[in-house]
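In my numbering, the protein residues as written are 6 to 428. Read the structure below first, then the notes.
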């Protein structure tokens, strides 16, 4: 346990997590008889997996879609559906984020794309900047839950679970996240007087919005349908997503220039480099922890404290919620999942259920201070500080925590759809 505390101490000093992981492991290895060559071997092993190809491809697909006008069309279609409800623009934000989640699988991409379009419009219609930013950040957290999902790909590789089952397991929780946020937005808007559009969109206007957005809406159907039908693997679906984004954004909508395409490729390469560096050093660190029997110690400690899987899940949720506030999702997955895996297996907790619970925990962390990345994106667009939005943020985190409790203690909310599909 001392090694884990040492890791967090170094990280809190300000050293990036990947370097913190590598440094702690190097210091630990110097005190053993193990050869240092194992560092290179374990780092290579950490990323030598075909499924990880999906990570840069999904990132690239999301960037291409945002640059290719897809987010704007999804927003316009969402407004035709729910824009007339109380808190109409807030409803549009949530619905558009849900649809965009099924297109990109990225919380940051959803927050940036939807926030860039709607935050200024919400402020112009007398929504407070703090509430607008908080709503966009929390709605963006749906991104990694509704498939495709980069965190679920990483989790699936770590525990050798079916990524297709994990993707399907995320659909119901992701939709419920959106519904819970919409209910909260409705009550808040009624209290604060946030009005929707004065007129309901006509059938013709909705049909026009659907026609304009239909190609964007078809993408998640193609990806998910292809995976369920066995046409392509989840990894191959990422390549299909890139090709589809290029064709729709470049040849159909004609909003993708060569400059935008180049920028999307560069951004995907940079993000992939950051993620793979974390995965390499995290794999090295977890291997060292395994050598030191730390996962077994953690499991033994938890087993002495709890005597049921529900108690174990409660403690794991608390740990992950705290960790998610200051560690990025990929790092938290690669550090904590192997640590908790022995106790998960000891209590016969379903790995698909556990994976989605972990993903929801960590995506809530993406919109939780002090280091929630979605908060920084939303605050940057709204030109406010995190402190200014803290009150509204705390209110909007309540429905997400209720959802977390629901999927934790009712596993069928996660496992029902994969089972009924026969995956």
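Where a beta carbon is used, it is the ideal one built from N, C-alpha and C, also for glycine. The structure presented is a predicted model; accordingly, all values stated were derived computationally and were not measured.
- For a cut-off of 8 Å, the C-beta gap from residue 141 to residue 116 is around 6 Å, short enough to register as a contact.
- Counting only runs of 4+ residues, the alpha helix (DSSP H) found wholly inside the region 387-420 occupies 391-414, in chain order.
- Taking a cut-off of 8 Å on C-beta distances, the region 66-73 touches the region 250-261, as three or more cross pairs fall below it.
- Taking one beta carbon from each stretch, the region 90-104 and the region 332-350 have fewer than 3 pairs nearer than 8 Å; the two do not touch.
- The DSSP-derived three-state label of residue 51 is helix.
- For residue 78, the enclosing alpha helix (DSSP H) covers residues 75-87.
- For residue 211, the uninterrupted alpha helix (DSSP H) segment begins and ends at 208-233.
- Between residue 172 and residue 156 the beta-carbon gap is near 11 Å, outside 8 Å, which marks them as no contact.
- Take residue 397, set aside five residues on each side of it, and the residues of its chain with a beta-carbon closer than 6 Å to its own are 135, 136 and 139, in chain order.
- Between the C-alpha atoms of residue 402 and residue 412 there is a straight-line separation of about 16 Å.
- Using a C-beta cut-off of 8 Å, the region 315-335 makes no contact with the region 417-424, since fewer than three inter-stretch Cβ pairs fall below that distance.
- Residue state for residue 373 is assigned as coil, using DSSP reduced to three classes.
- For residue 125, there are no CB contacts under 6 Å within the same chain when 5 residues up- and downstream are skipped.
- In the three-state reduction of the DSSP assignment, residue 46 falls in the helix class.
- Distance between residue 108 and residue 273, taken at the CA atoms: about 16 Å.
- Closest in alpha carbon position to residue 246, among 42, 47, 41 and 63, is 63.
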